[in-house]
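Since the structure comes first, as C-alpha cells, the remarks are kept for the end.
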Amino acid sequence: ETVSQNVTALQSTIQKHDMAIEDLLEEWEEKRSDEEIVQKQLSDYSQSEKQLLELFEAYQEQFFNLKRFADSKDAVWAKQIALMEKTLEHYRRLCGICMIEECGIKVNYDLHEVIEAVSTTDSSKDKTIAAIYRCGYLYKGKVKRKAQVGAYRFETKES
Numbered sequence: 066e067t068v069s070q071n072v073t074a075l076q077s078t079i080q081k082h083d084m085a086i087e088d089l090l091e092e093w094e095e096k097r098s099d100e101e102i103v104q105k106q107l108s109d110y111s112q113s114e115k116q117l118l119e120l121f122e123a124y125q126e127q128f129f130n131l132k133r134f135a136d137s138k139d140a141v142w143a144k145q146i147a148l149m150e151k152t153l154e155h156y157r158r159l160c161g162i163c164m165i166e167e168c169g170i171k172v173n174y175d176l177h178e179v180i181e182a183v184s185t186t187d188s189s190k191d192k193t194i195a196a197i198y199r200c201g202y203l204y205k206g207k208v209k210r211k212a213q214v215g216a217y218r219f220e221t222k223e224s
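Per the numbering used here, residue 66 is the first one in the sequence shown, and the count goes up by one each step.
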C-alpha cells in the first residue's frame, strides 16, 4: 500500500511538472512570436526610413538645382527660394538632417568628395571649398551622402 501511495504521489508530481513545462513552452512560444513581430516591424520601419531618405534626396536635388538656376537668373525668385529654404531648415533639423553645403570652409574628406580642383594663387584658399555641385547631408549624425565639391588648389605664380 505504501508503494502504491508513493507511486500515486510521484505521478501527481510528474503531472504538475508536465503542466509547468507546457506552460513554460507556451510562454516561450508567445515571446518568440512577439520577437518575430518586433523584428518585422523594425525591418518595415527601416525600409520606410530608407524610402523617405531617398525621397528627401530627390527633392533636395531638385531644390538645389532650382536655387542655383534662380541665383543666376532672377534675384527676386532667388530671395523667395532662400526664404523657403530657411523655413525648411527647421523641419530638416527636427528630422535629424543637416545639410553639407557650405562654401569657403576647409575640405573635410569625411563630408566632401572633391570632383574638381580649382587653381588659385591665394594661399589662404588652398584646400577650401570653391563650389558645391551636389549637396550632401548627415542623418542623425552620420554622413548619408557626401557633398560633391570643387576645391581650391594653391599654385604659385610662374614668372
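We treat Cβ as the ideally placed atom computed from N, Cα and C, and that holds for glycine.
Best match in the options for proximity to residue i [C-alpha to C-alpha]
{"i": "Gly169", "options": "Ile102, Ala216, Thr221", "result": "Ala216"}
{"i": "Cys200", "options": "Leu148, Val103, Asn130, Lys222", "result": "Asn130"}
{"i": "Tyr174", "options": "Lys211, Glu167, Ile86", "result": "Lys211"}
{"i": "Ala196", "options": "Tyr110, His177, Asp187", "result": "His177"}
{"i": "Gln127", "options": "Tyr198, Leu89, Cys160", "result": "Tyr198"}
{"i": "Thr193", "options": "Arg218, Asp88, Lys205", "result": "Arg218"}
Simplified DSSP assignment, three categories, for residue i
{"i": "Val103", "result": "helix"}
{"i": "Arg218", "result": "strand"}
{"i": "Glu295", "result": "Residue 295 is absent from the model: the chain starts at 66 and stops at 224."}
{"i": "Ser224", "result": "For Ser224, the predicted structure reports a pLDDT of 46, less than 50, and the residue's modelled location is therefore unreliable. The matter cannot be settled from this model."}
{"i": "Glu91", "result": "helix"}
{"i": "Thr186", "result": "coil"}
Cβ of residue i within 8 Å of any chain B Cβ
{"i": "Leu89", "result": "Absent from the structure is chain B; it holds one protein chain and no more."}
Counted within 10 angstroms of its Cβ, other Cβ atoms place residue i as buried (16 or more) or exposed
{"i": "Val214", "result": "buried"}
{"i": "Gln125", "result": "buried"}
{"i": "Ile165", "result": "buried"}
{"i": "Tyr202", "result": "buried"}
Beta-bridge partners of residue i, as assigned by DSSP
{"i": "Val208", "result": "Leu203"}
{"i": "Gln213", "result": "Glu178, Arg199"}
Secondary structure, alpha helix (DSSP H): runs of 4+ residues fully inside the segment 138 to 179: You should have 140 to 159.
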